[in-house]
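Peer 1: So that we are looking at the same thing, I have put the structure below in structure tokens.
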Amino acid sequence: EQLFVGDQVLRITASDEEQITLLRVLGEQAELQVDFWRHPTSPGQPADLRVPFPSLQAVKIFLESNSISYSIMIEDVQELLDEEKKTMTKSRRVER
Amino acid sequence: STSTFDFASYHTIDEIYYWMDMLVDDHPSLVSKIQIGQSYENRPLYVLKFSTGGSNRSAIWLDTGIHSREWITQATGIWTANKIAKEYGQDPSVTAILDSMDIFFEIVTNPDGFAFTHSSNRMWRKTRSINPSSHCVGVDPNRNWDAGFGGPGASGNPCSETYHGPYANSEPEVKAIVDFVKNHGNIKAFVSIHSYSQLLFYPYGYTSTPVPDQKELDQISKKAVAALSSLYGTNYKYGSIITTIYQASGGTIDWTYNQGIKYSFTFELRDTGRYGFLLPAKEIVPTAQETWLALKVIMLHARNHPY
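Sequence lines, in order, name chains A and B.
Residue 78 is where the first sequence ends in this note's numbering, and the numbering goes up by one at each step.
Residue 326 is where the second sequence ends in this note's numbering, and the numbering goes up by one at each step.
See the structure below:
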């Protein structure tokens, strides 16, 4: 089972077309293994990017050095997955 | 029975398939289950058929879950299928639709991917077919249709999440629908449901050329989005795929539109809580409820505007 401990989802807002191009370049860097949940489309529209824990530093440095604004949408993906699993297990146990 | 099923929870494929049988048992004169093919890993591809009789009536197609990790869509599909069955004979618009048209509903359009999200990788999006030339698995089934196949907005790299596959309809999950639509020949509306950008699209995605029916599709979208937003205030945008989000070739509804299915739409369901593909289960029912209002607008329009 693939775990996502420490992975974050960043909500990124590109301010112009140049930044959108940079984000696309970021997405194509295979070694970072980032995963666009919501792709960059147009300036001002949010894009959501899941970043594996080992790539977090590199990605954040890339964003900051290119003045691309972002916030952390999900702090730890695995925490949410654990929560989801717990809810499903609980639901199965409930007598109907 | 379906009355004790927990619609406010996410379920595995086995549970969903079992629930389908319960729905058929509960509504034998309205609902039947048909198999339209098999997935790459040989799972059955089931479609629920809602019909009040007649042979080869005009029909509406709905599907959810083609991108397996978009769990809110399969969950919304279950709730919606149940709603259709329950509302026939109660809700005048549902009754009117089903008195003249059939509804086909594929709830788990990508069963291999869905099973994989439950067993191995919750974030899996694609099919599970092996690409002989690569160590990367799977094809994006929403880039695999024969509409601008292989063009901009799809990737030729099997490791990409938007890999278009070796050729159009290479994925059995896609081919099964293509064959079904062609063989049926009388599908008048086709709605494919994704998540989570809160959008309602009509064609095209592979070209910026507007579809001939753009005006009408835009008006329907406006009405559908207004209905959806009226329940919880969820903010939706609408428009053609290429102008609203990005260029995407080989997409589902571009192919269906080119097949002559004028009322072809794609939803991106909600994420008001900003959880992306990890939308908490407590949002399933509200999401389904609001989507239902928009679906009714589209289905009723298709019913009232035969072509």
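Note that CB positions come from ideal geometry on N, CA and C, so glycine has one too.
I need the straight-line Cα distance from S248 of chain B to S179 of chain B, nearest angstrom please.
Peer 2: About 34 Å.
Peer 1: So is G279 of chain B buried or exposed if we call it buried at 16+ other beta carbons inside 10 Å?
Peer 2: Exposed: under 16 other Cβ atoms inside 10 Å.
Peer 1: Would R88 of chain B pass as a contact of W143 of chain B if the rule is Cβ separation under 8 Å?
Peer 2: Cβ atoms of R88 of chain B and W143 of chain B: closer than 8 Å.
Peer 1: Evaluate H324 of chain B with the Cβ neighbour count: other Cβ atoms within 10 Å of its Cβ, from every protein chain shown; 16 or more gives buried, anything less gives exposed.
Peer 2: Exposed, because fewer than 16 other Cβ atoms sit within 10 Å of the Cβ of H324 of chain B.
Peer 1: How many Å lie between A208 of chain B and V16 of chain A at the Cα?
Peer 2: Straight-line Cα distance between these residues: approximately 36 Å.
Peer 1: Where do the ends of the beta strand (DSSP E) carrying W19 of chain A lie?
Peer 2: 17 to 20 is the span of the beta strand (DSSP E), which, as asked, contains W19 of chain A.
Peer 1: Measure the alpha-carbon distance for F286 of chain B versus S214 of chain B and round it to whole angstroms.
Peer 2: If you take the alpha carbons of F286 of chain B and S214 of chain B, they lie about 7 Å apart.
Peer 1: Assuming S283 of chain B contacts I272 of chain B under a Cβ cut-off of 8 Å, what Cβ separation, rounded to an integer in Å, is found between them?
Peer 2: The Cβ separation is near 4 Å, so the contact holds.
Peer 1: Just checking: is the beta-carbon of E66 of chain A within a distance shorter than 8 Å of some beta-carbon in chain B?
Peer 2: It does; some Cβ of chain B falls within 8 Å.
Peer 1: Taking only the alpha-carbon atoms, compute the straight-line gap between S138 of chain B and V59 of chain A and give it to the nearest angstrom.
Peer 2: Straight-line Cα distance between these residues: approximately 17 Å.
Peer 1: Report the rounded CA-to-CA distance for E60 of chain B versus K194 of chain B, giving the unit in angstroms.
Peer 2: The alpha-carbon atoms of E60 of chain B and K194 of chain B are separated by roughly 14 Å.
Peer 1: Quick one: list the residues of chain B neighbouring T23 of chain A, beta-carbon separation under 7 Å, in chain order.
Peer 2: Correct list: I264, Y265.
Peer 1: Going by CA-CA distance only, name the one from A:Q39, A:P36, A:I2, A:I43 that's closest to D30 of chain A.
Peer 2: If we check each option's Cα against that of D30 of chain A, A:I2 comes out closest.
Peer 1: Given a limit of 8 Å on CB to CB distance, which residues of the segment 17 to 43 of chain A reach chain B?
Peer 2: Listed by position, the residues of the segment 17 to 43 of chain A near chain B (Cβ gap below 8 Å) are D17, F18, W19, R20, H21, T23, D30, R32.
Peer 1: Given a cut-off of 8 Å on the beta-carbon distance, is the pair Y326 of chain B and A267 of chain B in contact?
Peer 2: Contact: no.
Peer 1: Just how far apart, CA to CA, sit G188 of chain B and G295 of chain B?
Peer 2: Sequence inspection shows Asn at residue 188 of chain B; the Gly mentioned does not correspond to that position. Distance between the alpha carbons of N188 of chain B and G295 of chain B is about 28 Å.
Peer 1: Which term fits N129 of chain B, buried or exposed, when burial requires 16 or more other beta carbons within 10 angstroms of its beta carbon?
Peer 2: Under this definition N129 of chain B is a buried residue.
Peer 1: For N48 of chain A, which residues in the same chain have their Cβ closer than 7 Å to its Cβ, ignoring the five residues on either side in sequence?
Peer 2: Q1, L4.
Peer 1: Taking a Cβ distance cut-off of 8 Å, strictly less, list which residues of the segment 144 to 175 of chain B are near chain E, in chain order.
Peer 2: Note that chain E does not occur in the displayed structure, where the protein chains are A and B.
Peer 1: Check distances from the C-beta atoms of the segment 70 to 102 of chain B to those of chain A and list, in chain order, the residues that come in under 7 Å.
Peer 2: Under the 7 Å Cβ criterion, the segment 70 to 102 of chain B contributes no residue.
Peer 1: For I79 of chain B, which three-state DSSP category applies?
Peer 2: Here I79 of chain B sits in strand by DSSP.
Peer 1: Distance, Cα to Cα, S70 of chain B vs S24 of chain A?
Peer 2: So the two alpha carbons sit approximately 43 Å from each other.
Peer 1: Could you check where the alpha helix (DSSP H) with V7 of chain A kicks off and where it finishes?
Peer 2: Note, V7 of chain A: alpha helix (DSSP H), -1 to 9.
Peer 1: Mind checking V316 of chain B: buried by the 16 CB within 10 Å criterion, or exposed?
Peer 2: It is buried - the Cβ of V316 of chain B has at least 16 other Cβ atoms within 10 Å.
Peer 1: What is the DSSP secondary structure of D211 of chain B, counted as helix, strand or coil?
Peer 2: Residue 211 of chain B is actually Ser in this sequence, not Asp. S211 of chain B: strand per DSSP, three-state reduction.
Peer 1: Please check if any C-beta of chain A sits within less than 8 Å of the C-beta of N140 of chain B.
Peer 2: By this cut-off, N140 of chain B is an interface position.
Peer 1: Roughly how many angstroms separate the alpha carbons of G56 of chain B and E125 of chain B, rounded to a whole number?
Peer 2: Computed Cα separation, rounded: 12 Å.
Peer 1: Residues in its own chain within less than 7 Å of A243 of chain B by CB, not counting five upstream and five downstream?
Peer 2: Result list for A243 of chain B: L219, A313, V316, I317, in chain order.
Peer 1: Would you mind telling me which residues of chain A sit closer than 7 Å to F296 of chain B, beta carbon to beta carbon, in chain order?
Peer 2: Near F296 of chain B (Cβ distances below 7 Å), the residues of chain A are W19.
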